[in-house]
Amino acid sequence: MRKPGARLRIGALCLLGAFATTELPAHAQSYPSRPIKMIVPFPAGGPLDIVARGVGDKLTASLKQNVIVENRPGAAGNLGSDLVVKSAPDGYTLLMVLNTTLTVNPALYKTMPFDSQRDLKPISILTSNSQMLVVHPSVPVNSVKEFVAFASKETVSYAHAGHGSPGHLVMEYFRLKAGFKANPVPYKGNAPLVNDLIAGHIKVGFVATAGVLPHVSAGRLRGLAISSVSRSQLAPNIPTVAESGYPDFNVETYFVLAAPAGLPDPIAAVLEREVQNALKAPQLQARLRKIDLLPVGMTGAQAKARIKADLELWAGVVKAANMRIE
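In C-alpha cells form, the structure reads like this:
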C-alpha cells in the first residue's frame with residue numbers, strides 16, 4: 058500500500074505530464090500572433106508569385122494576421138530557399154517554391170546550400186500544371202508517334218527557357234524514354250522562345266500549356282501532347298504523352314509550401330488545414346484555372362513523398378542526360 062506522500066508525488070508527476078503533452082497544441086492555438094513572411098525565390102509576376110499572393114490573401118483572412126509575400130530570386134530558387142532554411146522554425150517564415158528547386162537542383166548543381174529533404178518541412182503541394190509538346194506547322198508530324206519517328210531519323214533542335222527549366226527537363230526525360238537524340242537551345246525566358254517557335258527559327262519545344270495555347274488555337278503552332286498524366290483543362294482535345302504510347306510518363310510543374318525543418322507538427326497542421334481551405338475558394342480556383350494551374354492541396358505527408366520520388370527521378374535524368382552544372 059502506497060503512503061499518502063507517494064500518491065501525491067505520483068499525482069503531481071501525472072499532472073506535469075499532462076501539461077507537457079498539451080503544451081504544443083496550446084502553442085498552436087495561439088499561432089499566429091504576428092505577421093507571417095512568405096518567401097518566393099523567383100521574380101514577381103509569374104505563376105508562382107500569383108499563387109503565393111492569392112493563397113496569402115486567403116491565409117491573411119483566415120489566420121487574422123498579415124501574410125507578407127517577399128520575392129527573393131536567384132540561383133534557380135536556391136537563394137531564397139536558403140534564407141528560409143536558416144530562419145527560425147516557428148511558422149513565421151514560409152517558403153513558396155517551384156518543385157524543381159527541391160527536386161532537380163540537388164542533382165543539377167555540384168554544391169547546394171541546403172538539403173531539400175533534411176532542412177525543409179513540406180506543408181502542402183498547392184497546384185500543378187503541365188507542359189505542351191509543340192512544333193512549328195512546317196514540321197510534318199501530327200502526333201507523338203509521328204514526332205518520335207521523325208526525331209529518330211534526324212536530330213532535332215528544341216527550345217527551352219534555360220538550363221534546368223521545366224521545358225528542358227521534360228524534353229530530356231522524354232527523349233531518353235523515346236530513344237531519340239535532340240539538341241537543346243537555351244533562351245532567356247519563355248517570351249523570346251515562343252516568338253522564335255512561331256517564326257520557325259526553332260521548331261520544337263515543351264512549353265507551359267497556358268502560355269502556348271493561344272498560338273496553338275490560332276494555328277501558329279501545333280500541339281502534340283501534354284506532359285501530365287491528365288489532359289489539360291485548357292486543352293482537353295490534346296492527348297497526353299502517357300496516352301500516346303508512354304503510359305508511365307507524368308511530368309508536372311508544381312508549387313510547394315514549406316517551412317524550416319523543426320516546425321512543430323501542430324503549427325504545420327494549422328497551416329496545412331488553412332491552405333487546403335484557401336484552395337477550395339471558388340474565386341481563387343477560377344483564377345488559377347485560367348492560367349492552367351490545377352488546385353491540388355496535398356497534405357504535408359503526401360508532398361514529402363512526392364518530393365522524395367521526384368528527387369530520385371530527376372537524379373537519374375540529369376545523370377543520363379549529362380545536365381549537371383559543375
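For the sequence shown, our numbering assigns the number 58 to the initial residue and increments by one for each residue that follows.
We treat Cβ as the ideally placed atom computed from N, Cα and C, and that holds for glycine.
On a predicted model such as this, the values are computed, not experimentally measured, just so you know.
- Put simply, of K210, D253, P249, I259 the residue whose alpha carbon is nearest the alpha carbon of A235 is K210.
- Counting C-beta atoms within 10 angstroms of its own C-beta, P104 has 16 or more neighbours from the protein chains shown and is therefore classed as buried.
- Under the Cβ criterion (8 Å, minimum of three pairs), the segment 109–129 does not count as touching the segment 160–175.
- Rounded to whole angstroms, E300 and Y88 show a C-alpha spacing of 46 Å.
- Of the other Cβ atoms in all chains shown, fewer than 16 fall within 10 Å of the Cβ of N334; this residue is therefore exposed.
- A Cβ-Cβ contact shorter than 8 Å links G137 with V97.
- Following the DSSP letters along the chain, one finds Q340 inside the alpha helix (DSSP H) bounded by residues 339–346.
- Counting along the chain, the unbroken alpha helix (DSSP H) around F204 starts and ends at 201–210.
- The alpha-carbon of L368 is positioned some 9 Å away from that of Q174.
- In the DSSP secondary-structure assignment, K178 is bridged to A316.
- The beta-bridge partner set that DSSP reports for I107 is empty.
- If you draw a straight line from the Cα of K337 to the Cα of V161, it comes to about 29 Å.
- Boundaries of the alpha helix (DSSP H) harbouring G357: 357–377, taken from the DSSP string.
- Contact between G357 and E331 does not hold, since their C-beta atoms are separated by about 13 Å, which reaches or exceeds 8 Å.
- Residue pairing by DSSP places K143 in no beta bridge whatsoever.
- If you compare the alpha carbons of Y244, P197, V353, F171 with that of A318, the shortest gap goes to F171.
- With contacts defined by Cβ atoms closer than 8 Å, V124 and M95 form a contacting pair.
- Shortest Cα-Cα distance from D349 to any of L250, P321, Y230, V108 involves V108.
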